[in-house]
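Participant: Right, I'll just put the structure down here and ask away after.
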Ligand code: HEM
Ligand SMILES: *[C@@H]1O[C@H](CO)[C@@H](O)[C@H](O)[C@H]1NC(C)=O
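Residue numbers (my numbering): 236 to 719.
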């Protein structure tokens, strides 16, 4: 029975192998399985997606107390793992692009920004383009931009009467577009093409809908108008760039910086790339800044104590420097800075930051629990939620700019990534100093020149917008101060 014994041997070997595999698996696989983060309860298949679409922050508010700082939501064909709070988000902010990338999750911007820039190119090119942003926002450039900001604010508010009532939200939106046009897009657009270019940007804006995040190329009228607007903008900027290059004139604006930028291999930027980078800058900086200036105003107008403090600070600066305002004087406005920062803590316009994960990683929660997050997950964190964690910020729903004062420093006490309105780490906002300068330029002008009073109720949050902002009007009664 030689055949039988051979069979028996083979069979025994097979069983031994299976047992060994089982034992090894018992050590390896279940360990990683066992340590998956808890999962949000939802109806099968589309339940998770529905909960996310109904309102991600509502979902986080319900789940965080139950599941803790790390948990997974099953979307239809993806898992999103949330990392909430500074204790668990270091990997989110610091990981290399090969581990956690932006390209996939922010791909929906490509038709808006256009080809050849930012999320349409490999990381190595994108990194160089981010270097162009960094260079265009250096202090020596910012000093020049501030002069434009001050000029625009003075001109804009000189058109207000001696007294009246305005929708502050609308006014600030308008002023910020004018300023951004001047500093970023340049004098040609600001002085000659403002209406055309604003209308085109409006079409780009309206072409970015929640549905565009999932289907950026869906053939709907909003997307068609977006694509036409992108084309026309490219033509307008091509003309401006050519004429600047021919005249040899050099201006102090972001457009000029991008025209003069060169890749490491010596190649200059193309006209189409310059256009795309400018669009990206405007998308990153315009709504975010205008929303933040409006919230800052709403809170100051409802908080006597802080209003008095910022007005006092302006008076001190006038005593010290006279009427002059420039980059360095704006940088002295620490009280105003904290008031803006606190409005932005309560209302970060970018409520959710996303990455796509390409390698397994482990996080340890503040309770000491270890979780393994498998590659393939989308990883998310939420400024809107994390900025109000009660173990980081005392009375987190209260407007209290003093929490950033030297004795408390609640944004730093629990370590980096406690305050994440501007993100942080590897992809932290490059425009933060620009944004603060612009908002301070506007509010220092308003505080010095007007008495203001909020006459509509304190505004609500417009959760439906892609860049989350202020809902409805913010009616303000103003009276020009009589200067002695
Ligand atoms: C209050 C105003 C602003 C807020 C709240 C804000 C917020 C943010 C946040 C949260 C990120 C990180 C996104 C992520 O990690 O996925 C970011 C990135 C960025 N922001 Fe801002 N931003 C503001 C103004 C600006 C302005 C004015 C500019 C340019 C003029 C700008 C340019 C950028 C750029 C280029 C990045 C990408 C950095 C990178 O990925 O390496 N931002 N911003
Ligand atoms: C998502 O995670 C669940 C476990 O929570 C897993 O069964 C499922 O296969 C994952 N889906 C994808 C698409 O990775």
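Using N, Cα and C, we set each Cβ at its ideal position, and we do this for glycine too.
Could you pull out every residue in the same chain whose Cβ sits closer than 7 Å to the Cβ of residue 567, ignoring the five residues on either side in sequence?
Facilitator: So the list reads 552, once near-sequence residues are dropped.
Participant: Run the CB neighbour count on residue 528, radius 10 Å, all protein chains shown included, and call it buried at 16 or more, exposed below.
Facilitator: buried
Participant: Note down the Cα distance separating residue 451 from residue 322, rounded to an integer number of angstroms.
Facilitator: Between the C-alpha atoms of residue 451 and residue 322 there is a straight-line separation of about 34 Å.
Participant: Is any non-hydrogen atom of ligand 2 found closer than 7 Å to the C-beta of residue 316, if you look at the structure I gave you?
Facilitator: Because no heavy atom of ligand 2 lies under 7 Å away, the Cβ of residue 316 does not count as near it: no.
Participant: Thinking just about the alpha-carbon of each residue, which of 271, 309, 270, 301 is nearest to the one in residue 279?
Facilitator: 309
Participant: Name the residue from 652, 473, 481, 436 whose alpha carbon lies nearest to the alpha carbon of residue 462.
Facilitator: 436
Participant: Ligand 1 heavy atoms versus the CB of residue 523: any closer than 7 Å?
Facilitator: With a cutoff of 7 Å, residue 523 counts as near ligand 1, since its C-beta is closer than that to a heavy atom of the ligand.
Participant: Below 6 Å CB to CB, which residues in the same chain sit around residue 616 once its five sequence neighbours on both sides are set aside?
Facilitator: 318, 324, 327, 588
Participant: Got a sec: does ligand 3 put a non-hydrogen atom nearer than 7 Å to the Cβ of residue 337?
Facilitator: This structure simply doesn't include ligand 3; it includes ligand 1 and ligand 2 instead.
Participant: I want to check one thing, is the minimum distance from the CB of residue 274 to the heavy atoms of ligand 2 below 7 Å?
Facilitator: yes
Participant: Report the start-end ranges of each beta strand (DSSP E) in the segment 262-314 that is 3 residues or longer and not cut off at the edges.
Facilitator: 305-309
Participant: Let me know if residue 267 comes out buried or exposed under the rule of 16 or more other beta-carbons within 10 Å of its beta-carbon.
Facilitator: With a pLDDT of only 49 at residue 267, under 50, the local geometry of the prediction cannot be trusted, and no value is derived from it.
Participant: Note down the Cα distance separating residue 695 from residue 538, rounded to an integer number of angstroms.
Facilitator: 17 Å
Participant: Is it a yes or a no for the segment 341-349 touching the segment 506-520, going by three-plus beta-carbon pairs under 8 Å?
Facilitator: yes
Participant: Can you tell me whether DSSP reads residue 394 as helix, strand or coil?
Facilitator: coil
Participant: Based on Cα-Cα distance, which residue from 595, 632, 608, 352 lies nearest to residue 534?
Facilitator: 632
Participant: Just to confirm, is the Cβ distance from residue 618 to residue 702 under 8 Å?
Facilitator: no
Participant: If you follow the alpha helix (DSSP H) that residue 587 is part of, which residue opens it and which one closes it?
Facilitator: Secondary structure note for residue 587: it is in no alpha helix (DSSP H), with a DSSP letter that is neither H nor E.
Participant: Which term fits residue 626, buried or exposed, when burial requires 16 or more other beta carbons within 10 angstroms of its beta carbon?
Facilitator: exposed
Participant: Which residues in the same chain as residue 709 place their Cβ atom closer than 8 Å to its Cβ, once the five residues preceding and following it in sequence are excluded?
Facilitator: Cβ neighbours of residue 709 within its own chain (closer than 8 Å, five residues either side excluded): 402, 403, 404, 529, 532, 533, 689, 691, 694.
Participant: How would you label residue 509, buried or exposed, when you count the other beta carbons within 10 angstroms and need 16 or more for buried?
Facilitator: buried
Participant: Which whole-angstrom value describes the C-beta separation of residue 377 and residue 672, a residue pair presumed to lie in contact below a C-beta threshold of 8 Å?
Facilitator: About 6 Å; that satisfies the 8 Å criterion.
Participant: With distances taken from CA atoms, which of 299, 341, 470, 506 is nearest residue 590?
Facilitator: 341
Participant: Thinking C-alpha only, which one of 320, 306, 271 is nearest residue 624?
Facilitator: 320
Participant: Mapping the DSSP letters down to three states, classify residue 524 as helix, strand or coil.
Facilitator: helix
Participant: Under 7 Å Cβ to Cβ from residue 506, same chain only, skipping five residues before and after it: list those, please.
Facilitator: 472, 473, 476
Participant: May I ask which residues mark the beginning and end of the alpha helix (DSSP H) holding residue 347?
Facilitator: Residue 347 -> alpha helix (DSSP H) spans 345-348.
Participant: Is residue 628 near residue 372, with beta carbons less than 8 Å apart?
Facilitator: For residue 628 and residue 372, no; Cβs fall outside 8 Å.
Participant: For ligand 2, is there a heavy atom less than 7 Å away from the beta-carbon of residue 271?
Facilitator: For ligand 2, at least one heavy atom lies less than 7 Å from the Cβ of residue 271.
Participant: Residue 701 by DSSP, collapsed to three states: which one?
Facilitator: coil
Participant: Assign residue 717 to one of three DSSP states: helix, strand, or coil.
Facilitator: coil
Participant: Beta strand (DSSP E) containing residue 407: first to last residue?
Facilitator: Note, residue 407: premise wrong, no beta strand (DSSP E); alpha helix (DSSP H) at 403-415.
Participant: Find out if the Cβ-Cβ distance for the pair residue 307, residue 281 is shorter than 8 Å.
Facilitator: no
Participant: For ligand 2, is there a heavy atom less than 7 Å away from the beta-carbon of residue 303?
Facilitator: no
Participant: Which word fits residue 398, buried or exposed, when buried means at least 16 other C-beta atoms lie within 10 angstroms of its C-beta?
Facilitator: exposed
Participant: Figure out for me which residue from 370, 343, 339 has the closest Cα to the Cα of residue 357.
Facilitator: 339
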